[in-house]
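Enquirer: This is the structure I want to talk about, given as structure tokens.
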Amino acid sequence: RVVEVAERVTLEDYAEDPERKATRVKARAGTEAAAREELVMGLSGEAVRILLRPDREAVRAQLEEVYESGIRSIAVCLMHGYTFPDHERLIGEVASEIGFEHISLSHELMPMIKLVSRATSVCADAYLTPAIKKYIAGFQRGFEGGLGTKSVQPGAGKTGARCEFMQSDGGLVDVDKFTGLKAILSGPAGGVVGYAITSYDEKTKIPVIGFDMGGTSTDMSRYGEGRYDHTFETTTAGVTIQSPQLDINTVAAGGGSMLFFRNGLFVVGPESAGAHPGPACYRKGGPATVTDANLFLGRLLPEFFPKIFGKNEDEGLDVEASRRVLQELADQIHNETGKKMDVDEVAYGFLTVANEAMTRPIRSITEAKGHDTSKHRLATFGGAGGQHAVAIAESLGIKQILIHRYSSVLSAYGMALADVVDERQEPDSTVWNEATEVVDQLKSKMESLKGKSRQALRDQGFEDNEIVFEEYLNMRYRGTESALMIIRPSEGERDWDFGAAFVKHHRYEFGFTLDGRDIIVDDVRVRGIGKSFRYDEKSVDEQLKTIRRKEVLAQKKHSEAEVYFEGGRLKTPIYKLGDLSVGEVVKGPAMLADGTQTIVVTPNATALVLETHVVIDIPEAEKDRYSEPPRFTLTTLTRPLRYSKASGEREVDPIMLSIFGHRFMAIAEQMGRALQKTSVSTNVKERLDFSCAIFDATGGLVANAPHLPVHLGSMSTCVRRQAEIWKGKLKKGDVIISNHPSYGGTHLPDVTLIMPAFNEAGDKILFYAASRAHHADIGGITAGSMPPHSRELHQEGAAVKSEKLVTEGKFNEERVIELFYKEPAKNPGCSGTRCLADNINDLRAQVSANQKGISLIEGLIAEYGEDTVQFYMVAIQNNAELQVRNLLRAVSKRFQGKDLSAEDFMDDGSPIRLRITIDADKGEAVFDFAGTGPEVYGNINAPEAISYSAIIYTLRCMISEDIPLNQGCLKPITVRIPPGCFLSPSDGAAVVGGNVLTSQRVTDVIFRAFEACAASQGDCNNLTFGFGGNLTGQAEVRGFGYYETIAGGSGAGPDWEGTDGVHVHMTNTRITDSEVFERRYPVLLREFSIRRGSGGKGQHRGGDGVVRDIEFRIPVQVSILSERRVYRPYGMAGGEDGQCGLNLWVRKVRKTSWESSLRKLQQSRSGGGGGGGDAEDDDEDEYEERRINLGAKNSAAMRAGDRIIVCTPGGGGWGKVGEAKVSKPKADPTQAWKKGSHAAREDLALQA
């Protein structure tokens, strides 16, 4: 239940103010003066304006009603509560007086900006903590004298015991202070602490990657530089959490992950067999899993497992059951592809694909952050880690693996080694400089936090000499939201020189610095550590220096087994870990096992037994893997090239096809991470309005990371066009820039950079890497470059057909200034870009992302060879083509061979008509847009590339299985777009709305033809505002521009409800958090809510739109570009239509009457004399509020106090009202979520 309290505060100043005004006030939050003054200084140092104070008795009445309903736990989160917590405290006091058993206040849990993250966090805490406390209370009752710090303090009169719980941040906390918010990833955190303490050496400082493989998932993390990597925003099971957590990435691949052969590809997970029925070998009729593959290949040893399986749980593992389910998969592969593979090959193939899936998140926590994986050690633990460690290390170039003797229970062991931690944090807004006043102010706040933390640790029994502190400032460049938590510079560096440390860290993390920009301190943080345990074992490196190596004695061999390695089965000795002595060396192939773990030592690798660890050393892999038939090579990814006996053509190996599917997609994903990390603008870094992809030498799409659907097909058109233009003229290091609609662009703000990848000789292009990013402003007639009334292309900003931006590695900044700033201003009424610095920095980020893609492609070619990479590039496209052909055949059968047709209308009446003719025999289709309306003298014209994007997106959506998303999807499709229609406009036609409006309507029309789902909101509700520019003949005005797209309702379908308030189809971006929005811009967000009832009714209800009400605090130019304000989103199969959208301008106008108008008329006729002056003056002082319909596309100069209210459309309903709902079985949603760090979850956020 949600209760809205009548309360509101906002920030007085705004970060984008070009004048950098800063209001100073004396009254401070938390003081008596704050209860009287309208302007108060918040905890962050920002001026807070109190707009509405909560009425204590009104709050009491609201909470008493909640209490009477039976609710006993509440969460409190108010706008800007992180800096002004007074109102949250008042509500907490009232709730306590009423008798609520648990009260979570957001500013106490995590006083950081971002309302949504803080709100979901405080709700999670209020939900989980009572359950945890109930469990703890029952646990404590079993102990005389109780548990916790209070029970052991002098004078307590009890003989209790200390009891601490592990937190998600890697520290222990007293039982009485343990909360639900800090418990979410506490289990995996124990493992990180375990390997960090036991595997990292402070002297050698070799960083360690943690690899924790369990039954359903695998957790990856990194420990380096002697401290834990923390993240402050994570998403777990779909819930965003704002709290310090160890940076742990999870992939849904573990021992219980199920194995499938789908669409010609080997697939591992994310579905899990769980504990019941478990893998097939558990003797309960379970499916094929990773565990079954390991067991059948001899990599698990049944004799080392207890007999707890089967119906009566008294039998051992069943190898025959594993063989049987794997044989079924081998038969399926043979039936579907004609390829004969034995069970060994199939099982090993699945392990290979599982290993590839697990290396992707490891790369995201290392390579994507600038770390070289090959310079790390791999610390493996968890029940299944030992079977996969060598393969994972080889794939990442790691030469040494550390396996602790307690690796199977390392998470529990780590908890025993962990320190007690007390975290304290306060918000700030100081502009960093080395002036004494600023530093002293921050030191004072830091010392205050340290004092509180010290006292909390003293209360838990720690002496001052056992307490140490880590001191941090959370810092960022002005105008960005990418803050970095900077630890106080260590000894040897200038004390308290946080500024230099930030610049250094920013360059390392993002690859650039923003010289000349202010550095803002967002938070002051202290991590107090009570040293509770002294780990006195020798480090691995100390042991390696002194150990005497000796070959293991032959008589220590426990037994022997036939174990499958690359190429075949080998007789492999098995050793009991407990029988091995320190210093003994075991050469591979070998198996080391005890009752809790099994370690696979591959051929050529060696295992060394230490007192604390087993160390596996891996030699360098062969340089040329394809010079001869593969032997027992170290890589799990190498397979021989096979040729058809009949034709002599190379056969597609489904295992290699699956691997290359992962590899190609991983390249596009890493490009995306690089672009997000190195970009500057909010549009790219925060809203994620970009796409990255790799293309073949002709411009055909090979892999597109799941970024923006509208870019899917259109980028390929752009790359193909540029490849033709520059054929034979490009060199290594060249980068092409283009955004023109006639050259494969979508609209002008979407700027595409293309970079070729050459062969080793440098005379042949093999691939292209490309990135497309939406630039917040590129000039034109309005701020934000999304003008609602543009008629000609030049009014929308800089238009670049084809230019060389980088020549052999040299970035041409002067040409960028010409293209983006000077040339647009030459057009009547137009300005150049209003944020040139951001344009240049984002273009450099795109170059960096492309370079990342090129280097990864070159690495792939070096690993597999040019011919193999090229072969599987074509094969992966052919695979997608086959799935689309199968879809078309199924659709033709469903519609009995009839043509499919649909039409819809833009708000101006322009029709979009589509007829789809399917040739079922060939699995081909013709998409014919004949009858679509002519080019429009407006901006809803859509370049042809957009229709291709819509087609590839809709086809992908209608294929239920996960298939590669590439050019193959379009090979069976012929697209016919009549020349001269608004889906094929002329070169100079305005198109800014085509990308964000028409694309959505084309998508709806295709889905309507296939009868797939009802219409979604049908537009992006593009809102821009700002001021400033360099209009010709006028003085330049410094200002800002802001752009956002606003969510709406999605359409319902045959077995699903529409979703409320979501970006649909061709867009996939975020909206700025409410608190960040008000901090950066001169606005007051009055309302952002679900527009109840706007979705169409039906058997399945359409999703509701939203209401977004923004008040402007200074004069700005506001523009809205939208659709579905006339034609409603249609329902399907008898479902009702969704509601149209509505854009309102709320303004104050002078109140007049016919009498006053008559007096003015008489006064003007008489020359202005008479006694009507006073009356007129009175009239001028009277204003009334008017709501003015802006229509779908409009721009207005709004004054301070004016508002725009955007009510977005709902989605159409499906089926007749009253019919029984149909629902499809839903899998556990947590299986598909990559739990862990925010950075690693960007891909998933884009897909959600």
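Counting from 1 along the sequence shown, just add 4 to a position and that's the residue number in this note's numbering. By construction, the Cβ of each residue, glycine as well, lies at the ideal position given by its N, Cα and C atoms.
Taking the alpha-carbon positions, what's the residue 97 to residue 110 distance?
Expert: What you label residue 97 is simply residue 93 of the sequence shown in a count that begins at 1. What you label residue 110 is simply residue 106 of the sequence shown in a count that begins at 1. Each residue's Cα considered, the two are about 14 Å apart.
Enquirer: Looking at residue 792 and residue 1125, is the spacing between their C-beta atoms short of 7 Å?
Expert: Reading the sequence shown from its first residue, position 1121 is the one you call residue 1125. Reading the sequence shown from its first residue, position 788 is the one you call residue 792. Yes; because the gap between Cβ atoms is below 7 Å, this pair is in contact.
Enquirer: For residue 1266 and residue 359, what's the separation of their Cα atoms in angstroms?
Expert: Summary: the structure shown does not reach residue 1266, with the chain confined to residues 5 through 1252, and so no result is reported for it.
Enquirer: Can you tell me the Cα-Cα spacing of residue 430 and residue 87, whole angstroms?
Expert: One-based indexing of the sequence shown puts residue 430 at position 426. One-based indexing of the sequence shown puts residue 87 at position 83. In a straight line, the C-alpha of residue 430 is about 8 Å away from that of residue 87.
Enquirer: Give the DSSP-derived three-state secondary structure of residue 6 in the structure shown.
Expert: Reading the sequence shown from its first residue, position 2 is the one you call residue 6. If DSSP states are grouped into helix, strand and coil, residue 6 belongs with coil.
Enquirer: I need the boundaries of the beta strand (DSSP E) containing residue 778, first residue and last residue.
Expert: Looking up residue 778 in the sequence shown gives position 774. Element bounds for residue 778: 769-778.
Enquirer: Pull up the CB-CB distance for residue 1103 and residue 1055, whole angstroms please, since I reckon it's below 8 Å.
Expert: Residue numbering aside, residue 1103 sits at position 1099 when the sequence shown is read from its first letter. Residue numbering aside, residue 1055 sits at position 1051 when the sequence shown is read from its first letter. Wrong, their Cβ atoms sit about 13 Å apart, outside the cutoff.
Enquirer: Whether or not the region 835-850 and the region 685-695 are in contact is what I'm after, with contact meaning three or more pairs of Cβ atoms, one per stretch, closer than 8 Å; do they touch?
Expert: Counting Cβ pairs under 8 Å, three or more are found: they touch.
Enquirer: Whole angstroms are fine: how far does the CA of residue 353 sit from the CA of residue 659?
Expert: Taking the sequence shown and counting its residues from 1, one reaches residue 659 at position 655. Taking the sequence shown and counting its residues from 1, one reaches residue 353 at position 349. If I take the Cα positions, the gap works out to 5 Å.
Enquirer: Can you look up residue 1158 in the DSSP assignment and give me helix, strand or coil?
Expert: Here residue 1158 corresponds to residue number 1154 of the sequence shown, with the count starting at 1. Residue state, collapsed to three classes: helix.
Enquirer: Exposed or buried, which one is residue 941 when buried takes at least 16 other CB atoms within 10 Å?
Expert: For the purposes of this step, residue 941 is taken as residue 937 along the sequence shown, with counting starting at 1. Flag for residue 941 reads exposed.
Enquirer: Mind checking whether residue 448 and residue 601 have CB atoms under 7 Å apart?
Expert: As a first step, residue 448 is located in the sequence shown; it is residue number 444 there, counting from the start. As a first step, residue 601 is located in the sequence shown; it is residue number 597 there, counting from the start. No.
Enquirer: Based on the DSSP secondary-structure assignment, which residues constitute the bridge partners of residue 617?
Expert: Your numbering for residue 617 matches position 613 in the sequence shown. In the DSSP output, where bridge partners are listed per residue, residue 617 has 408.
Enquirer: How big is the Cα-Cα spacing for residue 1110 and residue 1150?
Expert: Residue numbering aside, residue 1110 sits at position 1106 when the sequence shown is read from its first letter. Residue numbering aside, residue 1150 sits at position 1146 when the sequence shown is read from its first letter. One C-alpha to the other measures close to 18 Å.
Enquirer: Just how far apart, CA to CA, sit residue 90 and residue 33?
Expert: Taking the first residue of the sequence shown as position 1, residue 90 is located at position 86. Taking the first residue of the sequence shown as position 1, residue 33 is located at position 29. Between residue 90 and residue 33, the C-alpha separation is close to 7 Å.
Enquirer: Helix, strand or coil: how does DSSP classify residue 1258 here?
Expert: The requested residue 1258 does not occur in the structure, where the chain is confined to residues 5 to 1252.
Enquirer: Residues in its own chain within less than 7 Å of residue 789 by CB, not counting five upstream and five downstream?
Expert: One-based indexing of the sequence shown puts residue 789 at position 785. So the list reads 752, 753, 781, 782, 783, 800, 801, once near-sequence residues are dropped.
Enquirer: Give me the Cα-Cα distance between residue 405 and residue 613, rounded to the nearest whole angstrom.
Expert: Within the sequence shown, the letter at position 401 stands for residue 405. Within the sequence shown, the letter at position 609 stands for residue 613. Roughly 12 Å between the two C-alpha positions.
Enquirer: Could I get the ranges of all uninterrupted alpha helix (DSSP H) runs contained in the region 1048-1124, with 4 residues as the minimum, in chain order?
Expert: 1078-1084
Enquirer: Is the region 271-280 touching the region 538-550 in the sense that three or more CB pairs, one from each, lie closer than 8 Å?
Expert: Contact fails: fewer than three Cβ-Cβ distances are below 8 Å.
Enquirer: If I follow the unbroken beta strand (DSSP E) through residue 696, where does it start and stop?
Expert: Along the sequence shown, read from residue 1 onward, the residue named residue 696 stands at position 692. Judged by DSSP secondary structure, residue 696 falls within the beta strand (DSSP E) whose first and last residues are 694-700.
Enquirer: On a Cα-Cα basis, can you pick out the residue from 919, 900, 912, 202 that is closest to residue 906?
Expert: Position 902 of the sequence shown, counted from the start, is the residue given in the question as residue 906. Checked all of 919, 900, 912, 202; the closest Cα to residue 906 is 919.
Enquirer: Does residue 481 pass the burial test, meaning 16 or more other C-beta atoms within 10 Å, or should it be called exposed?
Expert: To locate residue 481, count along the sequence shown from 1; it is residue 477. With 16 or more neighbouring CB atoms inside 10 Å of its own CB, residue 481 falls in the buried class.
Enquirer: Could you tell me if residue 900 is buried or exposed, where buried requires 16 or more neighbouring beta carbons within 10 angstroms of its beta carbon?
Expert: Sequence index remark: in the sequence shown, residue 900 carries index 896 (1-based). So residue 900 ends up on the exposed side.
Enquirer: Please tell me whether residue 219 and residue 195 are closer than 7 Å, where the distance is taken between their beta carbons.
Expert: Position 215 of the sequence shown holds residue 219. Position 191 of the sequence shown holds residue 195. Their beta carbons are not under 7 Å apart, which means residue 219 does not touch residue 195 by this criterion.
Enquirer: Could you have a look at residue 476 and say whether DSSP puts it in helix, strand or coil?
Expert: Along the sequence shown, one-based indexing puts residue 476 at 472. If DSSP states are grouped into helix, strand and coil, residue 476 belongs with the strands.
Enquirer: What does the alpha-carbon distance come out to for the pair residue 838 and residue 208?
Expert: For the purposes of this step, residue 838 is taken as the residue at position 834 of the sequence shown. For the purposes of this step, residue 208 is taken as the residue at position 204 of the sequence shown. Cα-Cα distance, rounded: 50 Å.
Enquirer: Would the region 1157-1169 count as touching the region 1111-1125 if we require 3 or more Cβ pairs under 8 Å?
Expert: no
Enquirer: Report back the beta-carbon spacing between residue 1204 and residue 1083 to the nearest angstrom; my notes put them in contact at under 8 Å.
Expert: Within the sequence shown, numbered from 1, the residue matching residue 1204 stands at position 1200. Within the sequence shown, numbered from 1, the residue matching residue 1083 stands at position 1079. Actually they do not touch by this definition, with Cβ atoms about 18 Å apart.
Enquirer: With distances taken between CB atoms, is the gap from residue 580 to residue 610 smaller than 7 Å?
Expert: What you label residue 580 is simply residue 576 of the sequence shown in a count that begins at 1. What you label residue 610 is simply residue 606 of the sequence shown in a count that begins at 1. Cβ atoms of residue 580 and residue 610: not closer than 7 Å.
Enquirer: Flag residue 676 as yes if its beta-carbon sits less than 7 Å from any beta-carbon of chain C, otherwise no.
Expert: In the structure shown, chain C cannot be found, because there is only a single protein chain.
Enquirer: Could you check the C-alpha separation between residue 1071 and residue 1050 for me, to the nearest Å?
Expert: Locating residue 1071 in the sequence shown gives position 1067, counting from the first residue. Locating residue 1050 in the sequence shown gives position 1046, counting from the first residue. Residue 1071 and residue 1050: Cα-Cα distance of roughly 10 Å.
Enquirer: Please classify residue 917: does DSSP put it in a helix, a strand, or coil?
Expert: Reading the sequence shown from its first residue, position 913 is the one you call residue 917. Reduced to three states, the DSSP call for residue 917 is strand.
Enquirer: Grab me the residues of residue 996's own chain with a C-beta within less than 8 Å of its C-beta, minus the 5 sequence neighbours each way, in chain order.
Expert: Residue numbering aside, residue 996 sits at position 992 when the sequence shown is read from its first letter. The answer, listed in chain order, is 751, 752, 753, 789, 790, 791, 794, 800, 943, 1125.
Enquirer: Would the region 135-154 and the region 382-397 be scored as touching if the rule is three or more Cβ pairs under 8 Å?
Expert: no
Enquirer: Figure out for me which residue from 205, 228, 202 has the closest Cα to the Cα of residue 213.
Expert: Stepping through the sequence shown from its first residue, residue 213 is reached at position 209. Looking at the Cα atoms, 228 is the closest of the given residues.
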